[in-house]
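What follows is a set of notes on a single structure, which appears directly below.
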Amino acid sequence: MYKDIEDIINSIKDSSITIKDIINEADTAKSSSTNSTGDIQLKLDIRCDEIIEKNFSKLSCIKQIVSEEQENIVKINTNGNYLIAYDPLDGSSLVDVNLSVGSIYGIYEDSFSGKNIIASIYVVFGPRVEMVIAYKNTLKMYRLLNGDFKYVQDIKLNQKGNLMAPGSTQAMWFDFHKKMIDDFFKDGYRLRYSGGMVPDLHQILLKSGGLFSYPATKDLSKGKLRQLFEVFPYALIFKIAGGGAIDGKNNLLDITTTHIHDTTACFFGSNYEIDIVKKVYKDER
Ligand code: AHG
Ligand code: MN
Ligand code: MN
């Protein structure tokens, strides 16, 4: 078990070191294809996806993988124990303007569903490369130094923070959602939104807490962010960090996935802010 998870972590480390080089020399041109959620893929998205798939394919402990950039599940080893869902390069359009981006991995057992996620890992590619691993009730951060990831610290959220990362198009927000966000700002919260969920959530996790939201809107009734590759991995991370992760009403890890590319509204934060979201959403939707 530990050996398998260690192999998976080492594979992700290798991929991340290569991805960092690719970002540096990146051709950020668009490809001619769109992914399953309809986004135009960058050549960069596809290259990162290929690296991760190639490295995972070497591991016999992996049964299946599924990528945000691929339509279907890829089978690796029928006798493998783990299923991995990943977003090779979240926020890839930000590479052009030299903002931080990241990779997100969810490790599942038995099936791709919130209740079966057993570990998650994300890697931030910013001025530094950092990796955060959620496994067995611990949340640990590592930093790339001279070709190796060195332990830096454990991560724990405060009960209440002061950062606000309000996602999606404001013109499409429901009135009650807008009022809730406005009230947070009136209460002194500071805006921190880069458009990349990996650095935005990393900031909330490292700087005492707050709230990241990507709500259901008038045009997107299930939000934008994908359950398996983006939402469930962070739901586990926020749970272990001592905060919360909900769709407005329910814990995100309890929601049902009907298709591998399903999206959901999502809120990640420290407990104080998550309780406010629950109170507001209880009466509204
Ligand atoms: P992608 O995987 O297509 O790069 O998506 C990025 C995500 C996420 O990182 C971010 O929080 C969100 O899209 C930003 O979307 P908006 O611009 O709609 O707020
Ligand atoms: Mn993404
Ligand atoms: Mn992506």
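The sequence shown begins at 13 in the numbering used here and counts up by one. Beta carbons: idealized from backbone N, C-alpha and C, even for Gly.
Please report the residue range of the alpha helix (DSSP H) in which residue i lies.
i: M153; result: Where M153 is concerned, there is no enclosing alpha helix (DSSP H), although the beta strand (DSSP E) it sits in stretches over 150-157.
i: I249; result: 244-252
i: M192; result: 187-198
Run the CB neighbour count on residue i, radius 10 Å, all protein chains shown included, and call it buried at 16 or more, exposed below.
i: D212; result: buried
i: P245; result: buried
i: Q171; result: exposed
i: M214; result: According to the sequence displayed, residue 214 carries His and not Met. Buried is the call here.
i: F308; result: Any question about residue 308 goes unanswered here, given that the chain covers just 13 to 297.
i: L56; result: buried
i: T150; result: exposed
i: D194; result: exposed
i: K75; result: buried
i: G256; result: buried
i: E285; result: buried
i: D99; result: buried
i: K25; result: buried
i: S112; result: buried
i: S180; result: buried
i: G221; result: buried
i: Y163; result: exposed
i: G118; result: buried
Inspect the beta-carbon positions of residue i and residue j and report whether they are closer than 8 Å.
i: L232; j: F124; result: no
i: I252; j: A183; result: no
i: P139; j: W185; result: no
i: D122; j: G208; result: no
i: I258; j: V289; result: yes
i: K234; j: T276; result: yes
i: V141; j: S23; result: no
i: I35; j: V107; result: yes
i: E65; j: S79; result: yes
i: G281; j: L237; result: no
i: K152; j: D166; result: yes
i: D16; j: N128; result: no
i: F279; j: S225; result: yes
State the CB to CB distance for the pair residue i and residue j, rounded to an integer number of angstroms; the pair is presumed to be in contact (CB under 8 Å).
i: I116; j: E242; result: 6 Å
i: N174; j: R155; result: So it is not a contact: roughly 25 Å between Cβ atoms.
i: D19; j: G126; result: That belief does not hold up - the Cβ atoms of D19 and G126 are roughly 24 Å apart, past 8 Å.
i: A247; j: I216; result: No, A247 and I216 are not in contact; Cβ-Cβ is about 14 Å, not under 8 Å.
i: C60; j: I88; result: The pair is not a contact, with the Cβ atoms about 18 Å apart (cut-off 8 Å).
i: I249; j: S132; result: 6 Å
i: G114; j: K168; result: About 21 Å; that fails the 8 Å criterion.
i: I272; j: I130; result: No, I272 and I130 are not in contact; Cβ-Cβ is about 18 Å, not under 8 Å.
i: I77; j: F68; result: 5 Å
i: S104; j: L54; result: 5 Å
What are the start and end residues of the beta strand (DSSP E) that includes residue i?
i: I119; result: 113-121
i: F161; result: 160-166
i: Y284; result: Element bounds for Y284: not the beta strand (DSSP E) but the alpha helix (DSSP H), 283-296.
i: I258; result: 256-258
i: D102; result: 94-102
i: I145; result: 141-147
i: L175; result: 175-178
i: C131; result: Going by the sequence as given, residue 131 is Ala instead of Cys. 129-137 is the span of the beta strand (DSSP E), which, as asked, contains A131.
In three-state DSSP terms, what is residue i?
i: T30; result: helix
i: I20; result: helix
i: E65; result: helix
i: Q82; result: coil
i: K219; result: coil
i: C278; result: strand
i: L232; result: coil
i: F224; result: strand
i: L264; result: helix
i: K75; result: strand
i: R238; result: strand
i: S105; result: helix
i: L213; result: helix
i: C169; result: Residue identity differs from the one stated: residue 169 is Leu in this sequence, not Cys. Coil.
i: K70; result: coil
i: R202; result: strand
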